[in-house]
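Okay, structure first, notes after.
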Amino acid sequence: MSYLEATNDLYKEAALTPDVGLCCTTNPIWELPGLKIPKIMQEMNYGCGSTVNARDLTNNPKMLYVGVGGGMELLQFSYFNRQKGGVVGVDVVDEMLEASRKNFIEAEAQNDWFKSEFVDLKKGDALNLPVEDNSIDVAAQNCLFNIFKAEDLKKAIEEMYRVLKPHGRLVMSDPTCEQPMNDTLRNDDRLRALCLSGSLPIDEYVKALTDAGFGTIEIRARKPYRILDPKNYPTEELIYIESIEVAAIKDPMPEDGPCVFTGKAAIYYGDEDYFDDKKGHVLLKNQPIAVCDKTAGALADLGRNDIHISGSTFHYDGGGCC
1 MSYLEATNDL YKEAALTPDV GLCCTTNPIW ELPGLKIPKI MQEMNYGCGS TVNARDLTNN
61 PKMLYVGVGG GMELLQFSYF NRQKGGVVGV DVVDEMLEAS RKNFIEAEAQ NDWFKSEFVD
121 LKKGDALNLP VEDNSIDVAA QNCLFNIFKA EDLKKAIEEM YRVLKPHGRL VMSDPTCEQP
181 MNDTLRNDDR LRALCLSGSL PIDEYVKALT DAGFGTIEIR ARKPYRILDP KNYPTEELIY
241 IESIEVAAIK DPMPEDGPCV FTGKAAIYYG DEDYFDDKKG HVLLKNQPIA VCDKTAGALA
301 DLGRNDIHIS GSTFHYDGGG CC
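When we follow full-length UniProt numbering, the leftmost residue of the sequence shown carries the number 1, and every step to the right adds one.
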């Protein structure tokens, strides 16, 4: 059995018999006026973070969500686009698609504003998305990319890039680890299906996105996820896994490389009212400005004693230098 078959079997079981404990950390439930999440959707909440962010979802964006689960994030996305087919949900597991359809009927009963027709459910594979080129404003996946092995991960990211419009956003939540997995863990298909053995170090995760052409990367959050320990897993050392929330934006790739925001800020505290580096970055006196890692490095290289560069907080909510 291949790792993809193991994954499909796992989520077929989770669709037929909801498993609240499948993920140690699940997506937060948005508290929005008039939004009610059916209990069954919460029980089928198989994710490690959230891909729903209001600042990505203005002006009725066309949305794609891959790996539908119980439909909770599809319902939350629909809150921001109440149009027929405004949200496309893709899944390879028939049972999960059918479970979502049933859950949407319950969501209609609890939410006066929601109609099942807002979500267009499609049978499809993340490696061959049934979606047209340049047709999506916001694409999302939760605990999916870390399942794929290297070549499949490359193809899945390229597929997301293909369907996004220029400046469209790919919003993700995945487990990551501080060090690469050993061969035994990495080749364990069951652990990979559980979103564990495919976890990548953050630098490798970001590189996979920029290699596909995404010119801007925003790391929005890092949260504790779980520990793989020698007593319970085939490892000789403790492996700490985090849940990371990231947005990759289909901006043109700058000549000097991608803009990767890891939560750094620059503060100018010199004698003038502001500092202008003549490269598009103006720092007002004692006003922190979020900067990408590339700009942070360039400012640090100036060797000035009146500019402070903070460390990476791995929290970013927009408003940066680029």
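Glycine included, C-beta positions come from ideal geometry on N, C-alpha and C.
- With a contact defined as Cβ atoms closer than 8 Å, Pro-288 and Ile-267 qualify at about 5 Å.
- In the structure shown, Tyr-3 falls within a helical segment according to DSSP collapsed to helix, strand and coil.
- Selection Gly-71, Ala-6, Val-90 and Asn-60 evaluated against Gln-42 yields Gly-71 as nearest (Cα-Cα).
- The three-state reading of DSSP puts Arg-186 in helix, counting H, G and I together.
- Secondary structure of Ser-78 (DSSP, three-state): helix.
- When the five nearest sequence neighbours on each side are left out, the beta carbons in the same chain lying within less than 7 Å of the beta carbon of Asp-152 are those of Leu-127, in order along the chain.
- The three-state reading of DSSP puts Phe-261 in strand, counting E and B together.
- Residue burial is scored here from C-beta neighbours: Asn-53 has at least 16 other C-beta atoms within 10 angstroms and is therefore classed as buried.
- Annotation: Pro-224 to Phe-77 spans about 25 Å, alpha carbon to alpha carbon.
- In this structure the segment 128 to 147 does not touch the segment 99 to 117; the number of beta carbon pairs closer than 8 Å is below three.
- With contacts defined as CB atoms closer than 8 Å, Val-119 and Asp-91 fail to qualify as a contacting pair.
- Comparing alpha carbon positions, the residue from Gly-89, His-281 and Leu-35 closest to Gly-124 is Gly-89.
- If you ignore the 5 residues before and after Phe-80, its C-beta comes within less than 6 Å of the C-beta of Leu-57, all in its own chain and listed in chain order.
- For Gly-297, the enclosing alpha helix (DSSP H) stretches over residues 293 to 301.
- Pro-234 and Ile-29 have their C-alpha atoms some 33 Å from each other.
- When rounded, the separation of the alpha-carbon atoms in Asp-276 and Leu-299 is 11 Å.
- Going by beta carbons, Asp-293 and Thr-262 fall inside the 8 Å limit.
- Following the DSSP letters along the chain, one finds Glu-242 inside the beta strand (DSSP E) bounded by residues 239 to 249.
- In this structure, the straight-line span from the alpha carbon of Arg-226 to that of Asn-59 is close to 37 Å.
- Excluding the 5 residues flanking it on each side, Met-172 has same chain C-beta neighbours closer than 6 Å at Gln-141 and Val-246, in chain order.
- Classified as buried, Arg-169 has 16 or more neighbouring CB atoms from the shown chains inside 10 Å of its CB.
- Per the DSSP secondary-structure output, Pro-175 pairs in a beta bridge with Ser-243.
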